[in-house]
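Right, one structure below, let's go through it.
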Amino acid sequence: MISAALKGHGESRALAWDTLIALVVRLVGAGSSFFMSLVIARALGAQEAGYFLLAFSIITFLAALSRAGLDNVVLRHTGAAAPDGDMLRVRLLMRRSLLLAGGLSLLIAGLLILLAEPVALYVFNKPELGPVLRLMAPGLVGLALFTLVAMSLQGLRRVIASVSTVNILANLLLITALLSLPLGSAASASATYSTAAILTLLVGLGLWWRATSVKTDTAHEPLVWRDILSPALPLWIVLIMTQLIQWSAQFIAGAQVAPEQLAQLAVAQRTAMLTSFVLMAVNLVVAPRFAAMHGKGDLDGMRRVALTSVRLMLLAATPVLAVMVFLPDWLMRLFGEEFAAGASLLRILAIGQFVNVATGSVGYLLSMTGHEKDLRNSLLIAAPLSIVLSLWLIPTYGAIGAAVATAMAIASQNLLAVFWVRRRLGFNTLAIWR
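Here the sequence shown is numbered in my numbering, starting from 3 and rising by one per residue.
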C-alpha cells in the first residue's frame, strides 16, 4: 500500500512537472494563434479578415479530412513504441501515414484550386472568397502533413518540438510577413500562409528525423497496413465529426451573415479556444501515457493520471474563463473597434470551451484505449446537433445563433464522452474530489 501511494505521488509530481512544461509551450502556441488573429484583424480590417478567417476554417477542415483519421493512430502507436525504443516501427508508421495523407491532401487541394470560384459563389454567396481559397489551397497540404509530424513528435514526448510544429512556426512566419510586408488583402495573406505552412512542414520533418535517428537493435513487431487502416476509419469519422462541431456553425454563418460579422465570430471562437489551451497542453503529456498504461494494463494508473490532470486544468483555466466572461468587450476591442460588437459571442463560446476543459482528456482516454467507436458514437450525436442548431438559430439570430450552436455541441460532445469513459474504464473524470 505504501509503495503504491509513493508511486501515485511520484506519478502526480512527474505529471505536474511535465504538464507545467507543456503549459508553457502551449501558452506560447496559443499566444501565437491569438496574435495571428490579432494581426490579421488589424492589418486587413474586418471585411478582409472575414474572408481570410473563413478560408482558413475551410482549409483547417479539409486538412483534417485529408489526414484520414491518422492523427491518433500515429500518436497511439508511437506512444506505445517509443518507451521500448522501437524507432524502426515509429519511422515505418510515419512514412506510410505521410504517403496516405499526402496523396489525399494533394487531391483535395487540387480540387479546391479548380473549384474555388464556384464554391465561393454558390456555397458561401461570397465571390470575393474565391481567390482567397485558391491561394490558400497549397497550405492545406502543409497543414495536413505537419500536423501528423507533430503527432509523432508528441508520441515521442518531444513536447516543445511538437507544439512548435503544429502551433507556432506557421503562425510566426505569417505574423512576421504581415508586420514587415505590405499585405493589405486576404488573398495576399492566404498566399503567405501557404508558404509558411510548407516551410513549417520542412522544419517539422527535420525535428522528427533528429528525434527518431537513434540507432536501436530492438526487435520490432511487423507493421502492416491493417494496423494503420483498421483503427483509422473510426478515428477518421471522429475527426470529421470533431471538425464539424468546431466549424459547421461558422460555415453555415458564412453563407448567411456579412463578412464583418463573420470576422467577429471567427475571432471570438479563436479567442475562446484560449480557455482550452490548457487541455491541449495536458493532452500532450497524458495521451502517450494513456497509450503506454493501456498497453501494460495499468487501469488504476490511468485513473490517477486522468483525475490529476483535470484538477490541474481547472486550476489553470478558471482565471482565463473569468476574463472572457467579465471583460469580453476589452478583449474584443484589442482586434479593433469593429470587433467590439462580438463581445457576447466570446462570452458564449468561452463557456462552451470551459465545459471542454472541465470534462478532461476524455477523447484521448477513449481513443488511446481502443474505444474509438464509443468516441465516434458520441460525436455522431454532437455533430448533427451542431448542424441542426446552426440551421435553426443562424437565420434568426445570426452570429449569436452560431455561437450558441457551437457551445452546446462542444458541451454535449464531452459530456457524452464522460459517460463512455465511466462505462468502459470504470471512473468518472468529473469526480475530481476522489
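Ideal Cβ positions, reconstructed from N, Cα and C, are used throughout, including at glycine. Keep in mind that this is a model prediction, so the values were computed, not measured.
Below 8 Å on the Cβ atoms is my contact criterion, and I expect residue i with residue j to pass it. Report the Cβ-Cβ distance as a whole number of Å.
{"i": "V1", "j": "L316", "result": "Here the chain comprises residues numbered 3 to 436, so residue 1 is not present and cannot be evaluated."}
{"i": "L351", "j": "A409", "result": "6 Å"}
{"i": "T149", "j": "V168", "result": "6 Å"}
{"i": "F341", "j": "R335", "result": "7 Å"}
Check each candidate in the options and name the one with the smallest Cα separation from residue i.
{"i": "G47", "options": "S369, R426, Q258 and L185", "result": "L185"}
{"i": "V76", "options": "A234, V322 and L336", "result": "A234"}
{"i": "V151", "options": "G105, L100 and L131", "result": "L100"}
{"i": "K298", "options": "T62, V41, R378 and A82", "result": "A82"}
{"i": "I110", "options": "I412, S250, G144 and N169", "result": "G144"}
{"i": "F421", "options": "A411, G403 and N379", "result": "N379"}
{"i": "A32", "options": "L281, T371 and F429", "result": "L281"}
{"i": "A103", "options": "E340, F54 and L147", "result": "L147"}
{"i": "Q258", "options": "E50, A401, M96 and L106", "result": "A401"}
{"i": "V30", "options": "L183, P140 and L171", "result": "L171"}
{"i": "S39", "options": "L55, Q49, V27 and V26", "result": "L55"}
{"i": "G141", "options": "I61, L116, G362 and L94", "result": "I61"}
{"i": "E119", "options": "G105, L106, S107 and V134", "result": "V134"}
{"i": "R91", "options": "A57, G157, L209 and Y53", "result": "G157"}
{"i": "V26", "options": "T371, R425 and A318", "result": "A318"}
{"i": "Y53", "options": "T197, L117 and A191", "result": "A191"}
{"i": "A65", "options": "A45, S35, G112 and S34", "result": "G112"}
{"i": "W210", "options": "R305, I23, L95 and R335", "result": "L95"}
{"i": "L131", "options": "S187, L203, I353 and R160", "result": "S187"}
{"i": "A260", "options": "E50, L116, R136 and N173", "result": "E50"}
{"i": "F63", "options": "M275, G354 and S107", "result": "S107"}
{"i": "G403", "options": "F356, F337, G338 and G256", "result": "G256"}
{"i": "F37", "options": "A198, I162, F337 and E262", "result": "F337"}
Look at residue i and residue j and say whether their C-beta atoms are less than 9 Å apart.
{"i": "D73", "j": "M138", "result": "no"}
{"i": "A407", "j": "A265", "result": "no"}
{"i": "G365", "j": "A419", "result": "yes"}
{"i": "L323", "j": "L427", "result": "no"}
{"i": "L393", "j": "I254", "result": "yes"}
{"i": "M89", "j": "T214", "result": "yes"}
{"i": "I412", "j": "Q248", "result": "yes"}
{"i": "L333", "j": "T273", "result": "yes"}
{"i": "P290", "j": "T80", "result": "yes"}
{"i": "L347", "j": "Q271", "result": "yes"}
{"i": "S166", "j": "V284", "result": "no"}
{"i": "V41", "j": "L155", "result": "no"}
{"i": "S59", "j": "N173", "result": "no"}
{"i": "T361", "j": "L432", "result": "yes"}
{"i": "V357", "j": "N430", "result": "no"}
Between the stretch 379 to 395 and the stretch 300 to 310, are three or more C-beta pairs nearer than 8 Å?
With the cut-off at 8 Å, the stretch 379 to 395 and the stretch 300 to 310 do not touch.
Which complete alpha helix (DSSP H) runs does the stretch 355 to 405 hold, if anything under 4 residues is left out?
Counting only unbroken stretches of 4 or more residues, the alpha helix (DSSP H) elements lying wholly within the stretch 355 to 405 are 364 to 369 and 374 to 399, in sequence order.
Starting from the N-terminal side, write out each stretch of the alpha helix (DSSP H) that is 4 residues or longer and does not extend beyond the stretch 56 to 129.
Within the stretch 56 to 129, the complete alpha helix (DSSP H) runs of at least 4 residues are 72 to 83 and 89 to 120.
How do the stretch 173 to 183 and the stretch 125 to 139 stand: do at least 3 beta-carbon pairs fall below 8 Å, yes or no?
With a cut-off of 8 Å, the stretch 125 to 139 and the stretch 173 to 183 do not count as touching, because too few Cβ pairs lie within range.
Report yes or no: do three or more beta-carbon pairs, one from the stretch 54 to 69 and one from the stretch 239 to 253, lie closer than 8 Å?
When C-beta atoms of the stretch 54 to 69 are compared with those of the stretch 239 to 253, three or more pairs fall below 8 Å, so the two segments count as touching.
Any 3 or more C-beta pairs closer than 8 Å across the stretch 369 to 378 and the stretch 397 to 407:
Contact between the stretch 369 to 378 and the stretch 397 to 407 is absent, because fewer than three Cβ pairs lie under 8 Å.
So within the stretch 232 to 285, which uninterrupted alpha helix (DSSP H) runs reach at least 4 residues, ignoring any that extend past its ends?
Taking only runs of at least 4 residues, the alpha helix (DSSP H) segments lying wholly in the stretch 232 to 285 are 261 to 274.
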